[in-house]
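Data first, discussion second: the structure below is written as structure tokens.
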Amino acid sequence: MAEIKKQPRVKKEKPQKVFQAPRGMHDIFGPDTALFEELRMAATACAGSYGYQYIELPVIEDRDLFVRSVGTGTDIVDKEMYTLKTQGGDMLALRPEFTAGIVRAYMQNGMQNLPQPVKLWAWGPAFRHDNPQAGRYRQFWQADFEFFGADHPIADAEAIQLAVKLAESYGITDVCVYVNSIGCTECRGNYRKALKTYYRSKSRKLCPDCKRRLSTNALRLLDCKNEQCVLIKKEAPETTEYLCKNCSDHFKKVLTFLDEAKIGYFLDPYLVRGLDYYNRTVFELKSARQSGRNESTVEGDQAPQAEQKEPLSFGGGGRYDYLMKMLGGPDTPAVGFALGVDRMVELARDEKLKNAKPEPNVYLVQIGDAARMEALRLIEELRAAGIKLFFDLSRDSLKAQLRSADREQSVYALIIGQKEVLDQEVIVRDMQTGIQESIPYAKLVEAMKARMKQKTKAK
Ligand code: HAM
Numbered sequence: 164m165a166e167i168k169k170q171p172r173v174k175k176e177k178p179q180k181v182f183q184a185p186r187g188m189h190d191i192f193g194p195d196t197a198l199f200e201e202l203r204m205a206a207t208a209c210a211g212s213y214g215y216q217y218i219e220l221p222v223i224e225d226r227d228l229f230v231r232s233v234g235t236g237t238d239i240v241d242k243e244m245y246t247l248k249t250q251g252g253d254m255l256a257l258r259p260e261f262t263a264g265i266v267r268a269y270m271q272n273g274m275q276n277l278p279q280p281v282k283l284w285a286w287g288p289a290f291r292h293d294n295p296q297a298g299r300y301r302q303f304w305q306a307d308f309e310f311f312g313a314d315h316p317i318a319d320a321e322a323i324q325l326a327v328k329l330a331e332s333y334g335i336t337d338v339c340v341y342v343n344s345i346g347c348t349e350c351r352g353n354y355r356k357a358l359k360t361y362y363r364s365k366s367r368k369l370c371p372d373c374k375r376r377l378s379t380n381a382l383r384l385l386d387c388k389n390e391q392c393v394l395i396k397k398e399a400p401e402t403t404e405y406l407c408k409n410c411s412d413h414f415k416k417v418l419t420f421l422d423e424a425k426i427g428y429f430l431d432p433y434l435v436r437g438l439d440y441y442n443r444t445v446f447e448l449k450s451a452r453q454s455g456r457n458e459s460t461v462e463g464d465q466a467p468q469a470e471q472k473e474p475l476s477f478g479g480g481g482r483y484d485y486l487m488k489m490l491g492g493p494d495t496p497a498v499g500f501a502l503g504v505d506r507m508v509e510l511a512r513d514e515k516l517k518n519a520k521p522e523p524n525v526y527l528v529q530i531g532d533a534a535r536m537e538a539l540r541l542i543e544e545l546r547a548a549g550i551k552l553f554f555d556l557s558r559d560s561l562k563a564q565l566r567s568a569d570r571e572q573s574v575y576a577l578i579i580g581q582k583e584v585l586d587q588e589v590i591v592r593d594m595q596t597g598i599q600e601s602i603p604y605a606k607l608v609e610a611m612k613a614r615m616k617q618k619t620k621a622k
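All residue numbers for the sequence shown refer to the working numbering, where the first residue is 164 and numbers rise by one.
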């Protein structure tokens, strides 16, 4: 009988791990890069016009800074914070928002000693461990604006105006402002009592989270997105009915200033925002398209009692006069807002890409090593002149390089071959007409600057 040879066991290779960005976090590349950059430029321009100074903050702060400012009982602190313990035992958190960090920076850097008011703005990523869905990410970008040292209602109106004008300057022209006042600690105490009484009578129908909120943080009952809880909210007492005289006067003045500035708004008596530090004015921005509104804004109108799912807001903010003192700093009134960069890019993307025209650029073509050396030198001269360039110095084929110039929609190709190196010239080819001319090295930069200026004008 033939002997059956035992086959050596082949060790199964473990499949290679396919790396992915963490859930709810996304790369920004391709056309979106320009859309993000454009928004940042719009924010920089608006910040400059309204007197805001830029501040760059650490992405990580002391965890307690957010616990004490955003508040326990809020979803952000209870469920969504990325926290970490350092080797030294410090409890830190990835910032879920900017306001607390800016208040910390104001106090730590002695900005109370500067002439007031102080206006600061920041830009960057924030992190919330929420359920990812369209428009809701775990890492998202904010443009954040904070205005310290002014308690006058005009400051609230100014902040709302800046938020609206920034969105408009970026191309979101159907902005709906939703505004409310949640009063001072005194009015809020009375309102909270009324809210608890109302919600206790409905407690059997509340979601488990809201049952808990009833005893921990009653104001947060109004933030709940659960369908049944949204229905219950419709009959709840309204914040404005509980405002004291001072808070009521403040709110009326904010609305009058908005009317004067022709900023339309909807009054939303249930808008309380999901962070605990606010008092008096609170506001959110939405797009009319998403809110199911035809006209952009209606002054003093009531907020829609939408049957459909609430659209996500692309910005929000309000007054927070107690926060600085609560964190151990001087008593400093403040108002601010943050815009959700990712959501604004999403709102503007289709329209912007439809109308997008590439910035006029030039493709530098070289053939042979001597030409490569010249190309390296010319790249620097053209860069210094501010001309946008594409090139691939490792390529040899003229045809392939001209194909790339077509792909990049370059308006000119600059061609350097053996002959051009000897004659100290460059061939300038108009990619649209195919017309070519030779220009000496010494005159190239000036000649290209003039040509690019013309192409930019014609764009
Ligand atoms: P917020 O309403 O939590 O307010 O966030 C502001 C904006 O950030 C939102 O309107 C939204 O556009 C965007 N945003 C928030 N969470 C996400 C997410 N998970 N994914 C995508 N975008 C998101 C604040 O953060 C306050 N600090 C605003 C403020 C500044 N109040 C006073 N000063």
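Beta carbons: idealized from backbone N, C-alpha and C, even for Gly.
Beta-carbon spacing of residue i, residue j below 7 angstroms
i, j, result
"alanine 289", "proline 259", "yes"
"leucine 325", "tyrosine 213", "yes"
"aspartate 293", "glutamate 224", "no"
"alanine 576", "arginine 566", "no"
"alanine 548", "valine 508", "no"
"alanine 320", "phenylalanine 420", "yes"
"proline 493", "glutamine 572", "no"
"methionine 345", "threonine 262", "The amino acid at residue 345 is misidentified as methionine; the sequence shows isoleucine. Against a cut-off of 7 angstroms, the Cβ pair of threonine 262 and isoleucine 345 comes out as no contact."
"alanine 306", "tryptophan 286", "yes"
"aspartate 337", "alanine 451", "yes"
"tyrosine 333", "leucine 202", "yes"
"phenylalanine 477", "arginine 506", "yes"
"valine 574", "proline 523", "yes"
"lysine 368", "glutamine 391", "yes"
"asparagine 442", "cysteine 370", "no"
"arginine 383", "arginine 375", "no"
"tyrosine 440", "cysteine 350", "no"
"lysine 356", "phenylalanine 310", "no"
"tyrosine 361", "proline 400", "yes"
"valine 528", "isoleucine 578", "yes"
"methionine 611", "isoleucine 550", "yes"
"valine 266", "leucine 486", "yes"
"tyrosine 215", "tryptophan 284", "yes"
Span of the beta strand (DSSP E), counted from its first residue to its last, around residue i
i, result
"glycine 287", "281–290"
"threonine 246", "246–248"
"cysteine 339", "338–344"
"aspartate 593", "588–593"
"alanine 576", "575–579"
"glutamate 224", "223–225"
Residue i - containing alpha helix (DSSP H), residue span
i, result
"arginine 376", "371–379"
"aspartate 238", "238–242"
"tyrosine 269", "262–271"
"isoleucine 191", "Run containing isoleucine 191: none; DSSP gives neither H nor E here."
"histidine 413", "408–423"
"cysteine 387", "Neither: cysteine 387 is in no alpha helix (DSSP H) and is coded neither H nor E."
Residue i, DSSP secondary structure in three states
i, result
"threonine 444", "strand"
"arginine 558", "coil"
"alanine 256", "strand"
"glutamine 179", "coil"
"glutamate 609", "helix"
"proline 603", "strand"
"lysine 122", "In the structure as shown, the chain begins at 164 and stops at 622. Residue 122 is therefore absent and cannot be evaluated."
"isoleucine 598", "coil"
"tyrosine 217", "strand"
"alanine 306", "strand"
"glutamate 543", "helix"
"tyrosine 333", "helix"
"leucine 552", "strand"
"arginine 351", "helix"
"arginine 363", "helix"
"leucine 438", "coil"
"leucine 277", "coil"
"arginine 614", "helix"
"glutamine 296", "strand"
"glutamine 324", "helix"
Residue i Cβ short of 6 angstroms to the ligand HEM heavy atom set
i, result
"phenylalanine 303", "In the structure on display, the ligand HEM does not appear, and the ligands it does have are the ligand HAM."
Minimum Cβ-Cβ distance from residue i to chain B less than 7 angstroms
i, result
"valine 504", "The displayed structure is made up of one protein chain only, and chain B is not part of it."
Measuring CB atoms only, is the stretch 528–535 touching the stretch 231–242, in the sense that at least three cross pairs come out at less than 8 angstroms?
Taking 8 angstroms as the limit for Cβ pairs, the verdict is that the stretch 231–242 does not touch the stretch 528–535.
What ranges does the alpha helix (DSSP H) occupy inside the stretch 457–539, keeping only unbroken runs of at least 4 residues that lie completely in it?
Within the stretch 457–539, the complete alpha helix (DSSP H) runs of at least 4 residues are 486–489, 504–518.
Segment contact flag, the stretch 494–511 with the stretch 314–322, C-beta cutoff 8 angstroms, min 3 pairs
Pairwise C-beta distances place the stretch 494–511 in contact with the stretch 314–322, as three or more of them are shorter than 8 angstroms.
Check whether the stretch 382–391 touches the stretch 325–344, taking contact to mean three or more Cβ pairs, one atom from each stretch, closer than 8 angstroms.
Cβ pair count under 8 angstroms is below three, so no.
At a cut of 8 angstroms, does the stretch 331–343 reach the stretch 429–448 through at least three beta carbon pairs?
Cβ pair count under 8 angstroms is three or more, so yes.
Any 3 or more C-beta pairs closer than 8 angstroms across the stretch 508–518 and the stretch 182–200:
In short, these stretches touch, since the Cβ pair count reaches three.
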